[in-house]
Each structure stands twice: as structure tokens, then as C-alpha cells.
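All remarks here apply to the structure that follows.
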């Protein structure tokens with residue numbers, strides 16, 4: 008499965024926001040500079056997290072983005088699905104019933120085993136992401152990472 012590059016961007020942006028002090032925000036321009044990303048496109052992608060209820064956005068000179076809920080209540084799956092949707096990356100087109108090697112309709116009464124295994128793999132992936140919160144990600148970072156992120160992203164210790 009290959010996810011769009013914006014998925015990585017938003018996972019890192021949300022993780023960075025989880026490292027800020029309560030009430031602090033970071034703008035799309037700050038994130039663009041921090042991660043060396045295109046600001047206009049990143050801003051558009053961050054809005055997907057606002058629409059999904061993962062982030063809130065404020066306007067004005069001190070405006071920016073912050074987590075909409077505690078980091079312990081935001082999962083990696085919520086972020087990924089905000090960007091990429093919920094559909095499975097695998098779509099069975101029943102090619103087992105086509106061409107020179109086609110199986111008979113009687114042999115295809117049960118679902119394709121490959122489609123079943125791909126669906127199982129997709130569900131396992133989703134369950135892993137759903138079971139991982141931003142708080143768990145932050146807890147796994149080196150202790151120096153959150154203060155460094157705060158200092159470099161917002162200028163506060």
C-alpha cells in the first residue's frame with residue numbers, strides 16, 4: 008500500500024502539535040518552514056484534519072492550528088483517514104473469471120481468497136493505527152524532542 012506524501016506530512020504535523028504546550032498553535036507557514044514543505048499545499052492538507060475534528064484552526068496574527076482533543080484521544084487512523092479516506096486500497100475485479108485461465112462460475116461461488124486475505128491485512132493495519140494514539144507516539148520520542156520541537160516551531164521552551 009502506498010499512501011500519498013501528504014499523509015506523512017500530516018502525521019508529523021499532528022505529532023508536533025501534540026508536543027506543544029496547551030493553547031499554543033503553529034501555522035501552516037511555521038510547519039512549512041519547520042519541515043521544508045510547500046506552505047500553500049500543506050495549508051490545504053491541514054484543513055482536512057480540521058474538517059475531521061482532529062485539529063482546530065484560529066485566524067489572526069497568533070492564529071494557527073492546535074489539537075482539537077487531547078493527544079490520547081487522537082489516533083493515527085483518524086489522521087490517515089482524514090487524508091486518505093476509509094476505503095481499502097485493494098479492489099478485487101474478479102479476474103479469476105476472465106481470460107484463458109477463467110474459472111467456472113461454480114468455482115467462484117465463494118469470495119476470492121486473495122480478496123479475503125487483502126481485506127484481512129487492511130483490517131489489521133487499520134486496527135494497529137486505531138490502537139495508537141498521538142500520546143503514545145509522544146511518549147516514545149526521546150525526552151529532548153518535545154522541548155526542541157516547541158523551541159524550533161514556536162520559539163517557546
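In my numbering, the protein residues as written are 8 to 164.
All C-beta atoms, glycine included, are put in the ideal place defined by N, C-alpha and C.
Note that the structure is a prediction, hence the values are computed from the model and not measured.
Straight-line measurement puts the Cα of residue 80 at about 15 Å from the Cα of residue 29. When secondary structure is reduced to three states using DSSP, residue 62 falls in the strand class.
In the structure shown, residue 33 falls within a strand segment according to DSSP collapsed to helix, strand and coil. Distance from residue 25 to residue 141 at the Cβ level is roughly 4 Å; contact confirmed, criterion being Cβ atoms closer than 8 Å. If you look at residue 134, you'll find it in the alpha helix (DSSP H) that goes 120 to 137. Bridge pairing for residue 71: 65 [DSSP].
The three-state secondary structure of residue 82, taken from DSSP, is strand. Of all alpha-carbon atoms in 18, 128, 101, 127, the one lying nearest the alpha-carbon of residue 117 is that of 101.
Around the beta carbon of residue 115, fewer than 16 other beta carbons sit within 10 angstroms, so the residue counts as exposed. With contacts defined by Cβ atoms closer than 8 Å, residue 75 and residue 61 form a contacting pair. Separation of residue 155 and residue 120 (C-alpha to C-alpha, rounded to the nearest whole angstrom) is 49 Å.
In this structure, DSSP gives residue 140 an extended state, which the three-state scheme calls strand.
The beta carbon of residue 37 is closer than 8 Å to those of 71, 160, 161 in its chain, skipping five residues each way along the sequence. Residue 66 and residue 132 have their C-alpha atoms roughly 36 Å apart.
Residue 143 and residue 126 have their alpha carbons spaced roughly 26 Å apart.
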